[in-house]
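All residue numbers for the sequence shown refer to numbering that gives the first Met the number 0, where the first residue is 0 and numbers rise by one.
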Amino acid sequence: MAPYEALYEKKCRSPICWDIEGLRQLEGPELVQQKVDKIQTIKKCLKAAQDQQKSYANKHCREMEYEVGEKVFLKVSPWRGILRFGKKGKLSPRYIGQYEILERVGPLAYPLALPAEPSQIHDVFHVSLLRRYQSDPSHILQNRR
0 MAPYEALYEK KCRSPICWDI EGLRQLEGPE LVQQKVDKIQ TIKKCLKAAQ
50 DQQKSYANKH CREMEYEVGE KVFLKVSPWR GILRFGKKGK LSPRYIGQYE
100 ILERVGPLAY PLALPAEPSQ IHDVFHVSLL RRYQSDPSHI LQNRR
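#1: Beta strand (DSSP E) containing E62: first to last residue?
#2: Return the CA-CA distance between E116 and L73, expressed in angstroms with no decimal places.
#3: If you check the beta carbons only, do A5 and I41 fall under 7 Å apart?
#4: Would you give the residue range spanned by the beta strand (DSSP E) that E99 belongs to?
#5: Excluding sequence positions up to five away, which residues of its chain have a Cβ less than 7 Å from the Cβ of Y132?
#6: Determine the direct distance from the alpha carbon of L45 to that of P136, and round the result to whole angstroms.
#7: Put K10 into one of helix, strand or coil per three-state DSSP.
#8: Would you check if the distance between the CB atom of I100 and the CB atom of V75 is smaller than 7 Å?
#9: Is it buried or exposed, L129, if we count other Cβ atoms within 10 angstroms and call 16 or more buried?
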């Protein structure tokens with residue numbers, strides 16, 4: 000229900016139709032108080048809905064800051080740009096490389112030290128496309144010969 004309909008209990012009419020009715024009534028103080036109460040109720044409901052949507056949106060947001068010289072993985076989309084990195088197919092990687100951060104450009108962008116191979120890719124990326132690299136010696140596979 001629209002706030003206008005909740006407040007006035009009728010559909011909103013266009014300004015063209017306002018003079019057709021021709022009735023002008025003075026509303027009593029109790030009717031004005033009812034309207035004020037309805038407005039406050041509507042504002043509370045809108046604020047509750049806004050807070051709920053904000054909490055849903057903030058669940059996916061995370062504050063990320065990286066240091067210069069830190070290693071990060073770069074997220075690549077399977078639909079866009081994956082062929083530029085020379086891999087394709089069902090099991091294409093979601094994150095590639097271990098790229099070093101060169102500097103900080105603004106609060107949310109970092110240029111990476113990319114190899115010369117994907118020359119068509121810009122080297123500055125948003126923090127949402129980066130994931131921190133954590134070195135762990137147990138993840139390294141030994142060559143079997």
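Glycine residues also receive a C-beta, built at the ideal position from the N, C-alpha and C atoms.
In terms of the structure at hand:
#1: Where E62 is concerned, there is no enclosing beta strand (DSSP E), given that its DSSP letter is neither H nor E.
#2: 15 Å
#3: yes
#4: 94-99
#5: K70, V71, F72, Q97
#6: 52 Å
#7: coil
#8: no
#9: buried
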